[in-house]
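Residues 1 to 261, numbered by full-length UniProt numbering, are exactly what the sequence shown covers, in order.
Comments concern the structure below.
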Amino acid sequence: MLDRQSPFLPRNPNDIATLAEQRILSDIVSGKLLPGQRLSEQSLCRNYKFGRGIIRTVLSRLSHREFVISHARSGWRVVPVTAIGLREITLGRRQLEPLLAEVDLFQRDIERIEAICDMQAAIASHTGMSADRLSLLRRYEREILDILAGQIKAPVIAGWLANLWDRSEYYLNFLEAAAPMKLKPADWSVYIDAKKAGRIKDAAAFIRKTGDAFAAFTQAQLLQSDLEMPVARKPRKRTAVGEDLSSVHSTHPPATSKRIL
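Set out below in structure tokens:
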């Protein structure tokens, strides 16, 4: 039986908790809320102008989606960027994205994707790639992915994919911030040409190539980065009950400065 409470099913876009979730998720993905940052319910209520009940609902949803974690002593935190997390994303995409090669597309879907590809080509033709242009190209690419995911017959699987793409964007934004180069957006005209010609294997090969490019880029940046992942503070001799010992109680392996994928 379909789980109607799954956090990966489509939600009413006008629901106040969904609106709050979208706003907070956007700030996590964009890096306004940093990996490992502590999230106070009181501060979230004040900053986002929502009641505590709504904020708690949002945090619970984002926890299921692997964007925040909760510890008994330290409360809520943004999920840190780790090699294990990146591997989960990569493996998840490798398992589910091949479904996009087999979806049935209506003529209106094909025309919309072709129009997006034309806009991407026009943007990419400009000399130099500013941050704004890159951001726009990626928004267009995500629109294509959402169109394709919308044709998957199992809504939960479509939700899993959407969450994997959100997590991918979160990792990519964070790792690119200190990187000398950026990951080049894919040219989806290759995919749509293959689909129109009935070349499913070619469409699948393109999707696999885009996933592999993301994996190679992010893994390389993670290995080259000198970023220290959040680690536990050394406990004092005797501390107040509120001392942050979140890493001691974490179910995740301790982070180190060396990462092995």
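Virtual Cβ for every residue (Gly too), placed ideally from N, Cα, C.
Between residue 20 and residue 50, which are expected to be in contact by the criterion C-beta below 8 Å, what is the C-beta distance as a whole number of angstroms?
5 Å
How should residue 218 be labelled, buried or exposed, when 16 other C-beta atoms within 10 angstroms of its C-beta is the threshold for buried?
buried
Is it right to say residue 221 is buried, meaning 16 or more other beta carbons lie within 10 angstroms of its own, or is it exposed?
buried
Under DSSP, the beta strand (DSSP E) around residue 69 begins and ends at which residues?
Segment 68–71, the beta strand (DSSP E) holding residue 69.
What is the C-beta distance between residue 69 and residue 77, in whole angstroms, given that I count them as a contact (C-beta under 8 Å)?
6 Å
So, under 8 Å CB-CB, residue 206 and residue 183 are touching, yes? Tell me the CB distance rounded to an integer number of Å.
With a Cβ gap of about 16 Å, residue 206 and residue 183 do not count as contacting.
Could you spell out the range, first to last residue, of the alpha helix (DSSP H) harbouring residue 78?
Bounds of any alpha helix (DSSP H) do not take in residue 78; it lies within the beta strand (DSSP E) bounded by 75–78.
Is it the case that the Cβ atoms of residue 124 and residue 203 are separated by a distance below 7 Å?
no
Does the structure place the region 110–127 close enough to the region 155–169 that three or more beta carbon pairs sit under 8 Å?
Touching, no, given that fewer than three Cβ pairs across the two stretches are closer than 8 Å.
Is it true that the CB of residue 17 sits closer than 7 Å to the CB of residue 54?
yes
Looking at C-alpha atoms only, which residue of 209, 141, 156 and 106 is the closest neighbour of residue 196?
106
Quick check on DSSP: helix, strand or coil for residue 175?
helix
Which residue comes first and which comes last in the alpha helix (DSSP H) that contains residue 206?
200–224
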